[in-house]
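Worksheet for the structure shown next.
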Amino acid sequence: MNWGGVFVFACGYEQVGNQIRLYVESANPPPNFNRRCGARSPLFHLYSGEDATAILEWLKRNRAWQCLRIPPPFTTERGVRAVLAASDWHCGEGSALFRLAQNRVIESDDHRQRLQREVCALIGSVLENPVREGELRELQEIEDVVNAAPVGVELCKPADIVDAFFGE
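The opening position of the sequence shown corresponds to residue 32 in my numbering, with each subsequent residue numbered one higher.
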């Protein structure tokens, strides 16, 4: 199947167990590259078995389409990993990632938008010029937390960061 032709109609996808849900905005959506990305809608196509495996393999080869991936719900453990990764990926004191790593809070909707833009630029860079294994996964972890975590709530405690950093 031509999965590239299918994904131009989608607004999001998620893996649920060994199945893939491919979300669409309407029963007959037009192909569109400007629709909202990574969003659940009431309508979806459910793929399982060989089709789900084929989609996952296609996504590994066509990583740019992973922008449609729907983030899993926020957890403290994921918040810890995102804060640690943000401390590795920030671009200095003016960076939104620096503020996330320093304060462990998404401070406002404006801060969330700055984080999304910064992480999106880094993901684009990693897709074009990967340097080491696991870079994309780290950035997607940050992206998922930024998209799913509540505003103004501490993502994790300092003790959680220390425990994760030192492996306790």
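Ideal Cβ positions, reconstructed from N, Cα and C, are used throughout, including at glycine.
query = At what residues does the alpha helix (DSSP H) containing residue 97 begin and finish?
reply = Neither: residue 97 is in no alpha helix (DSSP H) and is coded neither H nor E.
request  = Determine the closest residue to residue 183 out of 173, 141 and 169, with distance taken between C-alpha atoms.
outcome  = 141
ask   = Do you know how far the Cα of residue 37 is from the Cα of residue 74?
value = 14 Å
inquiry  = Please report the distance separating the alpha-carbon of residue 67 from that of residue 156.
reply    = 22 Å
task = Under 7 Å Cβ to Cβ from residue 172, same chain only, skipping five residues before and after it: list those, please.
result = 109, 112, 113 and 116
task = Mind checking which residues open and close the alpha helix (DSSP H) that includes residue 149?
result = 140-159
ask   = Looking at C-alpha atoms only, which residue of 102, 33 and 126 is the closest neighbour of residue 93?
value = 33
ask   = Near residue 41, which residues of its chain fall below 7 Å by C-beta distance, leaving aside the five closest residues on each side in sequence?
value = 53, 54, 55 and 99
ask   = From which residue to which residue does the beta strand (DSSP E) around residue 51 run?
value = 50-55
Residue from 90, 81, 188 and 80 whose Cα sits closest to the Cα of residue 30 = Not covered by the structure: residue 30. The range shown for the chain is 32 to 199.
ask   = Does the stretch 126-133 touch the stretch 100-107, meaning 3 or more C-beta pairs lie closer than 8 Å?
value = no
key: Continuous alpha helix (DSSP H) stretch holding residue 196: start and end   = 189-196
query = Is residue 74 helix, strand or coil when you go by DSSP?
reply = strand
task = Can you tell me the Cβ-Cβ gap for residue 150 and residue 105, rounded? I've got them flagged as a contact below 8 Å.
result = Actually they are not in contact, since the Cβ atoms of residue 150 and residue 105 sit about 15 Å apart, beyond 8 Å.
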